[in-house]
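*Asks:*
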Amino acid sequence: MNAVTIKDVALAAGVSSATASRVLSGHPATSADSREKVEAAAKSLGFVPNAQARSLRSTKTDTIALLISDVRNPYFSDLAHSVEQQAHEAGMMTFIGNANEDTQQQDQFLAAMLSRRVDGLIVVPQGLDEDADHPSEMLQRIISSKTPMVFVDRTLPQLDIPSISAASAQALDEAIGQLKALGHRHIAFLGGPAHASTARERHRAFDAALAANGLETDEKLHFAGDFQAASGAQGARWLLEHDRRPTAVIIADAPMAIGALTIWREAGVKVGSELSVIAFDEVDAMLMHHPPIATISHDLRAMGRAAVTALQSVMAGNEPEPQEFISQFTARASLAQAPETPGA
1 MNAVTIKDVA LAAGVSSATA SRVLSGHPAT SADSREKVEA AAKSLGFVPN
51 AQARSLRSTK TDTIALLISD VRNPYFSDLA HSVEQQAHEA GMMTFIGNAN
101 EDTQQQDQFL AAMLSRRVDG LIVVPQGLDE DADHPSEMLQ RIISSKTPMV
151 FVDRTLPQLD IPSISAASAQ ALDEAIGQLK ALGHRHIAFL GGPAHASTAR
201 ERHRAFDAAL AANGLETDEK LHFAGDFQAA SGAQGARWLL EHDRRPTAVI
251 IADAPMAIGA LTIWREAGVK VGSELSVIAF DEVDAMLMHH PPIATISHDL
301 RAMGRAAVTA LQSVMAGNEP EPQEFISQFT ARASLAQAPE TPGA
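Residue numbers (the UniProt record's numbering): 1 to 344.
(1) The alpha helix (DSSP H) that contains G259, what's its start and end?
(2) If I measure Cβ to Cβ from M113 and keep anything under 7 Å in the same chain, skipping five residues before and after, which residues do I get?
(3) Would you kindly check if the distance between the Cβ of S276 and the Cβ of T247 is under 8 Å?
(4) Sort F280, N318, S145, T309 by Cα distance to Q328 and report the nearest one.
(5) By Cβ distance below 8 Å, which residues in the same chain neighbour I161 in space, the five residues on each side in sequence not counted?
(6) Which residues in the same chain have their Cβ closer than 6 Å to the Cβ of P125, if we skip the five residues on either side of it in sequence?
(7) Whole angstroms is fine: what's the gap from R237's alpha carbon to I263's?
(8) Check G235 in the structure and name its three-state DSSP category.
(9) Put A208 into one of helix, strand or coil per three-state DSSP.
(10) If you follow the beta strand (DSSP E) that I161 is part of, which residue opens it and which one closes it?
(11) Please state whether the Cβ-Cβ distance between A32 and A12 is less than 8 Å.
(12) Taking DSSP as the reference, what is the three-state secondary structure of V150?
(13) In chain order, which alpha helix (DSSP H) runs of at least 4 residues are fully inside the region 266 to 297?
(14) For a quick check, are the C-beta atoms of L172 and A205 less than 8 Å apart?
(15) Does DSSP put Q323 in a helix, in a strand, or in coil?
(16) Quick check on H88: buried or exposed, where buried means 16 or more other Cβ atoms within 10 Å of its Cβ?
(17) Quick one: is L110 buried, meaning 16 or more other Cβ sit within 10 Å of its Cβ, or exposed?
(18) Excluding five sequence neighbours on each side, which residues of the same chain lie with their C-beta closer than 8 Å to the C-beta of K37?
(19) Who are the near neighbours of R244 in its chain, counting only those whose CB is closer than 8 Å to its CB and skipping five residues on each side?
(20) Taking 8 Å as the threshold (C-beta atoms), are R202 and A167 in contact?
(21) Exposed or buried, S44, counting other C-beta atoms within 10 Å across all chains shown (16 or more means buried)?
(22) Run through DSSP, which three-state label would L190 get?
(23) So, is the C-beta of I293 closer than 8 Å to a C-beta in chain C?
(24) What is the DSSP secondary structure of T61, reduced to helix, strand or coil?
(25) Kindly identify the DSSP beta-bridge partner or partners of Q328.
(26) In angstroms, rounded to a whole number, what distance separates the CA positions of L182 and Q337?
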């Protein structure tokens with residue numbers, strides 16, 4: 001529970017409580033100087049306007065907020081479009097924020113949305129606090145304020161929040177089975193950061209798929225990236241220098257795949273004939289690549305619509321059950337018979 005009051009903020013800012021209240025409620029009748037002082041004081045004291053958050057239950061604004069992990073990632077752009085369109089059909093406007101895969105930036109956006117009295121939040125959570133095994137303080141404050149919230153794409157197992165997610169086990173089993181049928185035995189995995197539930201789920205499902213297909217599970221063939229293009233490029237270099245010379249690779253998201261494919265093109269690697277590639281997320285860049293890249297994809301339109309529907313249910317006082325969509329594997333020309341490798 002937040003012990004800091006508006007009076008505390010007003011005192012720290014050197015303004016009246018009425019002025020502090022107007023600033024924190026977004027009232028236009030405040031000077032730029034007052035807004036700057038009050039906002040700085042509120043941030044310094046860690047103030048969250050819980051009274052305003054509580055008012056969400058009785059005062060509708062017909063607005064919701066969506067926080068995505070990285071606006072540059074076409075996967076999240078497509079998800080945001082789906083959420084925004086479904087909300088629009090329901091008569092609600094959507095504020096969209098970018099966490100940039102950063103917990104602090106996530107929390108700044110969520111605090112700002114509370115102050116703007118949005119009716120609810122759809123959040124791709126950015127994981128755990130760096131210093132402790134629990135969600136960020138901001139997420140805990142939102143829960144305490146009873147603000148309607150739904151998680152989409154990612155989850156935090158410590159929190160009992162309605163969620164919309166995707167399961168990749170079946171698709172990965174099909175993908176590994178196809179690679180095995182093509183003669184691949186050393187299959188690398190360029191994965192995401194451990195703090196993201198999607199990265200953990202895909203890593204577990206990859207290992208399980210190897211085992212189910214009678215292939216060796218080897219952590220030395222796993223590279224941990226961060227779901228961004230630069231780490232995909234690092235993973236591509238790692239694979240080229242790997243002593244086991246993997247003949248196939250599965251990449252955990254589109255930006256990492258784009259980074260990796262760029263490095264392999266520059267190195268003259270022939271995707272398909274020399275290295276079979278499968279990437280998560282069916283985005284235009286994967287289909288436009290030569291050859292087109294095999295993908296493990298999610299129904300983002302359905303997930304976005306389900307997230308808005310779930311949030312509406314929470315806003316109505318209900319407790320919707322978590323929903324998990326099944327991912328789909330699509331084989332393309334980036335898959336080919338495994339080449340002969342020394343020591344294979």
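Ideal Cβ positions, reconstructed from N, Cα and C, are used throughout, including at glycine.
*Replies:* According to the structure data:
(1) 254 to 266
(2) A65, F95, L121
(3) yes
(4) F280
(5) I143, M149, V150, F151, T155
(6) F151, R154, L156
(7) 7 Å
(8) helix
(9) helix
(10) Where I161 is concerned, there is no enclosing beta strand (DSSP E), given that its DSSP letter is neither H nor E.
(11) no
(12) strand
(13) 284 to 288
(14) yes
(15) strand
(16) exposed
(17) buried
(18) A13, G14, V15
(19) H186, D218, K220, L221
(20) no
(21) exposed
(22) strand
(23) The chain inventory of the structure shown lacks chain C, comprising one protein chain alone.
(24) coil
(25) S297
(26) 5 Å
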